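Counting from 1, one number per residue, gives the positions in the sequence shown under UniProt numbering.
What follows is a single structure, written as structure tokens, with notes after it.
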Amino acid sequence: MTVDSQTYRDAMARLGAAVNVVTTGTRDDPVGFTASAVCSVTDAPPTLLVCMNRDSRARPAFHAGGPLCINVLSAGQRDISGAFAGKLDMYERFTFGHWTTMTTGAPVLEEAVTSFDCRIDRIVEVGTHSVIFGLVESIRIGGALGGLVYFNRAYHALPHGGEDTQEGT
1 MTVDSQTYRD AMARLGAAVN VVTTGTRDDP VGFTASAVCS VTDAPPTLLV
51 CMNRDSRARP AFHAGGPLCI NVLSAGQRDI SGAFAGKLDM YERFTFGHWT
101 TMTTGAPVLE EAVTSFDCRI DRIVEVGTHS VIFGLVESIR IGGALGGLVY
151 FNRAYHALPH GGEDTQEGT
């Protein structure tokens, strides 16, 4: 039995995922895109993966190797997600939010829920996407903010749970 692409996409729309802005380059020559296909691979060594469409304008910069930063967006950052997912040129995208750097030099969103500053370890081509593996070199955990999730082709805000959240209630 073969699953058609549209059925697969419809089913995947029901798999909620955090919204992230993934960056590379430098503050002077930044590149970035919005991604929900981000996943932890292992904690020893700390490694993440992110999937990028092969048709993305950002793809050549990531294939050049080097730094990678995954910036997890908060519930109030839909505008940033939209800017990095849309038709704006790379410099215009980075007018949203405030940007700095950490260990690798990749652009880091100061207002992110958390940022994973990585070095690209390898890229594997799978179908229509490039799967980029990043070795985490440093992490910045932001303030107590709710998360932004993409589910059923729409954004949804998640409340910040904090330490006072009780499990099982």
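Glycine residues also receive a C-beta, built at the ideal position from the N, C-alpha and C atoms.
Note that this is a predicted model, so its numbers are computed, not measured.
query	result
According to DSSP, simplified to helix, strand and coil, what is Val149?	strand
Just the C-alpha distance for Leu15 and Asn152, rounded to the nearest angstrom, thanks.	8 Å
Taking 8 Å as the cut-off, decide whether the C-beta atoms of Val136 and Thr47 are in contact.	yes
By a C-beta neighbour count over all protein chains shown, 10 Å radius and 16 as the cutoff for buried, is Ile120 buried or exposed?	buried
Figure out for me which residue from Leu88, Ser130, Val108, Val3 has the closest Cα to the Cα of Val38.	Ser130
Under the three-state reduction of DSSP, which class applies to Gly82: helix, strand or coil?	helix
Tell me the rounded alpha-carbon separation between Gly134 and Arg122.	7 Å
Is DSSP giving Ala18 helix, strand or coil here?	strand
What is the rounded straight-line gap between the Cα of Ser106 and the Cα of Arg57?	Ser is not the amino acid found at residue 106; the sequence shown has Ala there. The straight-line gap from Cα to Cα measures roughly 17 Å.
What are the uninterrupted segments assigned as alpha helix (DSSP H) that are 4 or more residues long and contained completely in the segment 87–160, given in chain order?	90–93
Applying the criterion that 16 or more other CB atoms from any shown protein chain within 10 Å of the CB defines a buried residue, is Gln6 buried or exposed?	exposed
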